[in-house]
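In the numbering used here, the protein residues as written are 1267 to 1471.
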């Protein structure tokens, strides 16, 4: 009886692992990471979380630059997970005090682009990074591992920009970016740190 139960459990675990592996393989194939671009939407004064700008990463496929198909790319974003309809004062207070959990999300880049340009009319700066395809792939693999994991979210330190610096360090372990921001991580300052680290191959506006 115990042997049969053990066999059933082993079979169930094997099927679960197979399903997980198939889901991951399909997800990774859909993203098809090859290179990365840091996107900096300019400040948006009507939103407390965006008054100093924001950063996200665009993950491009191999043929994006030659075919001009960036709208088909994906975006890695880290942001506060907000339930309900908090007013602006409560939103700002919770954001400052760590009252919201933070989550990573990988979404079609076109969705983020529409959000920034249509709803908020924000200018975008693009910093193409010199990450290799292997480094870019390692970073995307880490996003799969982090899905549904909640982090503390604070407007001024453990925010979108700080968490993306951590991702870049996963991609290229020789980087030392987060130690430069022990107290605050203002997006404009983190972009400057990325540039000073030698990661930026080209800048587009």
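We put the CB at the ideal spot given by N, CA and C, even for glycine.
### Query
So what does residue 1391 bridge to, in DSSP terms?
1306
### Task
Count the other C-beta atoms from every protein chain shown that fall within 10 angstroms of the C-beta of residue 1470, then say buried if there are 16 or more, exposed otherwise.
exposed
### Message
Can you check which of these residues, 1426, 1328, 1434, 1372, is closest to residue 1404 by C-alpha distance?
### Response
Comparing Cα positions, the closest option is 1434.
### Task
Since I believe residue 1406 is in contact with residue 1321 (beta carbons under 8 Å), could you give me their beta-carbon distance rounded to a whole number of angstroms?
Residue 1321 to residue 1406, Cβ: 17 Å. No contact.
### Message
Using a Cβ-Cβ cutoff of less than 7 Å, which residues in the same chain neighbour residue 1378 once the five nearest sequence positions on both sides are dropped?
### Response
1322, 1341, 1343
#### Entry: Sheet register partners of residue 1340 (DSSP bridge)
1325, 1374
### Message
In this structure, how does DSSP classify residue 1468 when only helix, strand and coil are distinguished?
### Response
Residue 1468 sits in a strand when the DSSP states are folded into three classes.
### Message
Quick check on DSSP: helix, strand or coil for residue 1433?
### Response
helix
#### Entry: Cα-Cα separation between residue 1317 and residue 1347, rounded to whole angstroms
Caution applies to residue 1317, whose pLDDT of 49 falls short of 50 and renders its modelled position unreliable; the model cannot decide the point.
### Query
CB residue 1413 to CB residue 1447, shorter than 8 Å?
Against a cut-off of 8 Å, the Cβ pair of residue 1447 and residue 1413 comes out as no contact.
### Query
When the distance is taken between beta carbons, is residue 1376 closer than 8 Å to residue 1337?
yes
### Query
In whole angstroms, what is the alpha-carbon distance linking residue 1461 and residue 1352?
36 Å
### Task
Given a cut-off of 8 Å, decide if residue 1438 and residue 1397 are closer than it, judged by their beta-carbon atoms.
Inclusion of residue 1397 and residue 1438 in the CB contact set at 8 Å is warranted, their separation being smaller than that value.
### Query
Going by DSSP, what residues sit across from residue 1417 in a beta bridge?
By DSSP's assignment, residue 1417 forms a beta bridge with 1368.
### Query
Would you call the CB atoms of residue 1325 and residue 1302 closer than 8 Å?
yes
### Task
Compare the C-alpha of residue 1451 against each of 1420, 1330, 1283, 1441 and name the closest.
1420
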